[in-house]
Amino acid sequence: MVVVNDGSAYDIAQYLRAQNDLMYLENPSNQGYLITTNKGFEFALSQSDCQSVVLFNNDMLVSGNWLELLVNATEHYGITGYFGAGNVNIEDLSHMEVNKLEFSCALITRAVCENVGLLDARFKKGYYSDDDYCLRAIKKGYTIGLVKNRYNAEHLCGATAGEKRKESIEEGARQFLQKWQGDNHESVREFFKTSFYDSKKIMPENTLVRLLRFLRCK
Numbered sequence: 001m002v003v004v005n006d007g008s009a010y011d012i013a014q015y016l017r018a019q020n021d022l023m024y025l026e027n028p029s030n031q032g033y034l035i036t037t038n039k040g041f042e043f044a045l046s047q048s049d050c051q052s053v054v055l056f057n058n059d060m061l062v063s064g065n066w067l068e069l070l071v072n073a074t075e076h077y078g079i080t081g082y083f084g085a086g087n088v089n090i091e092d093l094s095h096m097e098v099n100k101l102e103f104s105c106a107l108i109t110r111a112v113c114e115n116v117g118l119l120d121a122r123f124k125k126g127y128y129s130d131d132d133y134c135l136r137a138i139k140k141g142y143t144i145g146l147v148k149n150r151y152n153a154e155h156l157c158g159a160t161a162g163e164k165r166k167e168s169i170e171e172g173a174r175q176f177l178q179k180w181q182g183d184n185h186e187s188v189r190e191f192f193k194t195s196f197y198d199s200k201k202i203m204p205e206n207t208l209v210r211l212l213r214f215l216r217c218k
């Protein structure tokens with residue numbers, strides 16, 4: 001397990017440094033989601049025995065065989081996860097193919113990592129970096145699987161809220177549009193048709209609440 005401390009309080013840092021069952025990395029100051037995630041991502045891939053990377057936020061709550069379910073689903077998909085696919089009904093299935101996942105708790109196989117790379121640095125706050133990564137993977141021929149959340153893994157949501165979260169989401173959407181709107185690849189057109197949530201159209205009123213019905217708390 002690789003833990004990257006992005007400027008947490010001193011007592012948390014001390015606790016993490018004392019753990020012998022994890023690889024501890026530390027930023028000298030708060031660098032934000034994107035830089036911190038890529039730091040752990042890159043370190044994991046530098047290990048020869050790394051077969052997959054699980055991106056896992058510190059505000060996730062999991063139990064049971066949550067990881068086993070994600071690993072087993074890689075028989076069918078290059079990326080697996082529990083959240084962020086939008087309004088899809090998975091009640092009668094153990095997994096299903098989707099166009100996007102939220103990366104608060106997602107598994108990416110090494111093959112995908114090596115062919116797609118790290119998260120795109122332009123999505124500094126993290127919002128839409130997972131949408132972007134999923135689309136990059138799809139363009140390279142990989143599939144993405146939403147796994148039934150049998151053990152009730154839960155994303156508790158981070159500290160950013162209200163107007164600040166709204167601004168970060170909208171900035172991510174702008175970056176995503178700037179990057180992909182001119183791409184006429186079939187998979188990109190399909191993504192915009194079925195999976196892209198335009199914050200300006202979704203959120204003229206009750207902005208945050210209505211968006212999170214689709215995105216949950218990224």
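With the UniProt record's numbering applied, the sequence shown corresponds to residues 1 to 218, in that order.
In this text, a Cβ means the ideal position worked out from N, Cα and C, and glycines have one as well.
Assigned exposure category for D130 - 16 Cβ within 10 Å defines buried: Classification for D130: buried.
C-alpha gap between H185 and I138, whole angstroms: So the alpha carbons of these two residues sit roughly 11 Å apart.
Inter-residue CB distance, L135 and F191 (contact presumed, cutoff 8 Å): 5 Å
Selected residue, minimal CA-CA separation from Y77, among L146, G182, G7 and H155: L146
Cβ neighbour criterion (16 or more within 10 Å) applied to G81: buried
Of the residues Y24, A13 and N20, the one placed nearest V2, counting alpha carbons only: For V2, the nearest C-alpha among the options comes from Y24.
Assumed close pair L101, G84 - CB separation to whole angstroms, cut-off 8 Å: At roughly 5 Å, the Cβ-Cβ gap stays under 8 Å, so L101 and G84 are in contact.
Minimum Cβ-Cβ distance from G182 to chain D less than 8 Å: Checking the listed chains, one finds no chain D in this structure; it contains a single protein chain.
Distance CB(N5)-CB(A13) smaller than 8 Å: yes
Reduced DSSP secondary structure (H/G/I, E/B, other) of S52: strand
L69 - containing beta strand (DSSP E), residue span: Per DSSP, L69 belongs to no beta strand (DSSP E); it is in the alpha helix (DSSP H), W66 to N72.
Beta-carbon proximity list for T109, same chain, < 6 Å, skipping 5 on both sides: S52, T74 and G78
Buried versus exposed, by CB contacts within 10 Å (16 or more), S168: buried
C-beta contact flag for N38 and L118 at 8 Å: yes
Sub-8 Å separation of L34 and G126 beta-carbons: A contact, by the Cβ cut-off of 8 Å.
Nearest-angstrom Cβ-Cβ length linking N99 and S195, presumed shorter than 8 Å: 4 Å
Reduced DSSP category for A18 - H, G, I as helix; E, B as strand; rest coil: Secondary structure of A18 (DSSP, three-state): coil.
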